[in-house]
Structures are given as C-alpha cells and as structure tokens.
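Worksheet for the structure shown next.
Residue numbers (my numbering): 3 to 340.
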C-alpha cells in the first residue's frame, strides 16, 4: 500500500508484465482533463499499458472543449483483454446513466479491476451500485446531491481522493493529477512516482485537501451571471496544435479557458487531419488555419514547462484578460487549490 495515498499496491494478474489501464469515455460528452490527465500521467510513467477507449466508435466530444479519437472501443478492448483491465478510470460524463457505460464498468469490477471515479465520474460509479456501503469523495458542487441520492455511501470531505477496497474516488477535476501519480506509486513505488510528479509539476500527491475553500459564493455567482450575459464579448481561444503537443498541458489550458463564461477554447491545425500528441492520443482539430473568425484570440501551450505550471500561467492570463473574479471562478470549477 502506498504510504501517501492508501491505494493498495498493484498485485500482478494473468502473468502480465505491466498492469492494463483503460481510461473510458462516453462519446457524446466526457470531461476533458478527467480523461486526458490520467492517460497522460500513466503513459508518461511507462509502468502500465494504457488505453484511451470509448463506449462507441468515432470521436469523443470532450467537455468543456476539444475533440479526441479513442484508441479503441470497449468491445475492441474486451476482445483484446477478455480477462479485463487491472484499472479502469471513469471521468465525468453528462450521460451518467448510460447503460452501455454502466454495464461495462460493472463487468470490469466483477472481473477484479480497480475502478477509479474521477471528479463527477463518481456519479457513474454510484449509479452502477459500486459505492454501496463504501467511503467516497466527489466534486464539491455535487456533494449535497450525491449525499442525498446515495445515503448508503459515506461521503467524505477534506480529502483529495480516497481508496476503499478496489474503488477509488476523487474530488474535483484537478484531483486527477495527484491521484494518477498515486496510481504510479501503487504500481511501481515512490521513486518512480516522484519522477512523474516532477515532470507534471507537483511536489506531492497525498490526499490533503481543504473542502471548505470550494463553495459557490455570492461573488462567484455574480461573476458567472455577468460573464454569461455579456455574450457579445465572448472570445474564441484558438490553440495551435502540432504533432507531439503535450496533451496534459493542452487539456489544462483548454479546460481553464473554457470555464470563464466569456471564452471557449478550440484546437487549431493546418488541416483537419488528426494530430498525435506526445503520449499517443489523437486530437481531432476544431479549426483549420485561415478560418479564424472576428473576436478570436490565439494562445500557445507552454509545452516546455510542466503541465501544472502551464495551468498556473493560464490562470494568470485569464486574470489579466478577464479579471481576478473570472480567474477565481475558473479555478473553483476545476477545484484547483492555488
């Protein structure tokens, strides 16, 4: 068991040299960083065979921005790995009761996989019945709703993530970073996890968290309403992408810019052909060069920096462009302690 996370140490199965990790999306709407960060962190570590999959064939519409092409469908994954995954990572999705997704996650749990619900991916686990009688955490905004709807679960606060047997759950969006490093720790030990943490730009990956920092204040509501009503000032944020782009940094930047209520991020490429990221994901470009509309701004992803540093810079840029209150609203939605 990892001393910092409480996540049980990986126990090899089926004579595998590495654990098999499936990060699963629902094609119509899956949260961007919940999906990309666990994939990117684990792929960076090299300690697992990581696959980015989806319930159906075709692109995944990510929320609040970007579009990705999965590496396989769940049916193709099942054909390749009939014994099941060692770890299944479930991001937040809009269709929380999608029968295909719920059925597949349940089947993987029955095959012995450890199931990790990231942020509002916890709703999928709860709807699948996997949280009955267990301890869980969740995104701050969903806490009261989940506690009321699923009273048989013990809902915790003030912890970034929690492991209860073969079920792991996390708080809001950016908790995907430390929990993914914690998985590396559980699989390959503290030394490897420390190297990956350094590459991502974090110092620790423990469970410490202060839930009381995250709540919808009157100031936050005013900012959201004011920005939402100012539709004439809304900007497209175009982010040029090329082969080898850091998908973890890209996802954090695009996610933050798309949570201001006055801007939305779009990927920009020289053609509509898919772009392969640093760690093997495929991004489907939103826009092609030369099609920028009036009211758009182009920014660069700082791929030379650790991804978390890119997020910090992005929040500073948002503050400069749209004000401190808007930057705070973006960080609040990401449940990012800064």
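Just so you know, even glycine gets a beta-carbon here, dropped at the ideal spot from N, CA and C. Since the structure is predicted, the reported quantities are computational estimates derived from the model, not experimental observations.
*Does the pairing of the segment 133 to 143 with the segment 186 to 205 give three or more beta-carbon distances under 8 Å?*
Counting C-beta pairs closer than 8 Å gives fewer than three between the segment 133 to 143 and the segment 186 to 205, which falls short of the contact rule.
*Which whole-angstrom value is the C-beta distance of residue 270 and residue 303, which I expect to be below 8 Å?*
Translated into positions along the chain shown, residue 270 becomes position 268. Translated into positions along the chain shown, residue 303 becomes position 301. Rounded, the Cβ-Cβ distance is 11 Å, inconsistent with contact.
*asked:* Runs of 3 residues minimum, wholly inside the segment 63 to 124: which ones carry the beta strand (DSSP E) assignment?
replied: For secondary structure counted as the beta strand (DSSP E) over 3 or more consecutive residues, the segment 63 to 124 holds these complete runs in sequence order: 69 to 71, 89 to 92 and 116 to 119.
*For residue 48, which residues from the same chain have a beta carbon less than 7 Å from its beta carbon, with the 5 sequence-adjacent residues on both sides left out?*
The sequence position of residue 48 within the chain shown is 46, counting from 1. Setting aside the 5 residues that flank it on each side, residue 48 has no residue in the same chain whose C-beta is closer than 7 Å to its C-beta.
*Check residue 237 in the structure and name its three-state DSSP category.*
Start at 1 with the first residue of the chain shown, and residue 237 comes out as number 235. If DSSP states are grouped into helix, strand and coil, residue 237 belongs with the strands.
*So does the segment 162 to 176 actually touch the segment 11 to 30, counting three or more Cβ pairs closer than 8 Å?*
In short, these stretches do not touch, since the Cβ pair count stays below three.
*Report the partner residues of residue 51 according to the DSSP bridge assignment.*
Looking up residue 51 in the chain shown gives position 49. Beta-bridge pairing by DSSP links residue 51 to 22.
*How big is the Cα-Cα spacing for residue 126 and residue 111?*
As a first step, residue 126 is located in the chain shown; it is residue number 124 there, counting from the start. As a first step, residue 111 is located in the chain shown; it is residue number 109 there, counting from the start. When the Cα atoms are used, residue 126 and residue 111 turn out to be separated by approximately 13 Å.
*Of all the options 65, 330 and 59, which has the alpha carbon lying nearest to the alpha carbon of residue 75?*
Taking the chain shown and counting its residues from 1, one reaches residue 75 at position 73. Answer by Cα proximity: 59.
*Secondary structure of residue 130, DSSP reduced to three states*: Mapped onto the chain shown, residue 130 falls at position 128. Coil.
*Counting only runs of 4+ residues fully inside the segment 128 to 184, write out the alpha helix (DSSP H) ranges in chain order.*
Whole alpha helix (DSSP H) segments, 4+ residues: 145 to 151.
_Pairwise C-alpha distance: residue 137 and residue 161_ = Taking the chain shown and counting its residues from 1, the one referred to as residue 161 is at position 159. Taking the chain shown and counting its residues from 1, the one referred to as residue 137 is at position 135. Near 11 Å, if we compare the C-alpha coordinates of residue 137 and residue 161.
*May I have the straight-line CA-CA distance separating residue 91 from residue 327, to the nearest angstrom?*
In the chain shown, counting from the first residue as 1, residue 91 sits at position 89. In the chain shown, counting from the first residue as 1, residue 327 sits at position 325. Each residue's alpha carbon lies about 32 Å from the other.
_Three-way DSSP call (helix, strand, coil) for residue 354 in this model_ = Because the chain here runs from 3 to 340, residue 354 falls outside it and cannot be looked at.
*How far does the alpha helix (DSSP H) with residue 206 in it reach, from first residue to last?*
Locating residue 206 in the chain shown gives position 204, counting from the first residue. Under the DSSP assignment, residue 206 falls outside any alpha helix (DSSP H); it carries neither an H nor an E label.
*So, are the CB atoms of residue 155 and residue 129 less than 8 Å apart?*
Here residue 155 refers to the residue found at position 153 when the chain shown is read from its first residue. Here residue 129 refers to the residue found at position 127 when the chain shown is read from its first residue. No, they are not a contact pair.
*Using 8 Å as the Cβ pair cut-off and three pairs as the minimum, do the segment 61 to 73 and the segment 200 to 210 touch?*
Not touching, per the Cβ criterion.
_Using a 10 Å radius around the Cβ and a threshold of 16 neighbouring Cβ atoms, would you call residue 240 buried or exposed?_
Stepping through the chain shown from its first residue, residue 240 is reached at position 238. A residue is called buried when at least 16 other Cβ atoms come within 10 angstroms of its Cβ; residue 240 meets this threshold and is buried.
*CA-to-CA distance, residue 71 to residue 43, given in whole angstroms*: As a working note, residue 43 is residue 41 in the chain shown. As a working note, residue 71 is residue 69 in the chain shown. If I take the Cα positions, the gap works out to 18 Å.
_When you compare the CB positions of residue 389 and residue 15, do they come within less than 8 Å of one another, or not?_
It is not possible to answer for residue 389, since the shown part of the chain is limited to 3 through 340.
*For residue 292, which of helix, strand or coil comes out of DSSP?*
To locate residue 292, count along the chain shown from 1; it is residue 290. Looking at residue 292 - three-state DSSP - the assignment turns out to be coil, as it is neither helix nor strand.
*Who pairs with residue 285 in a beta bridge, going by DSSP?*
The residue labelled residue 285 in the question sits at position 283 within the chain shown. BP columns for residue 285 point to 70 and 277.
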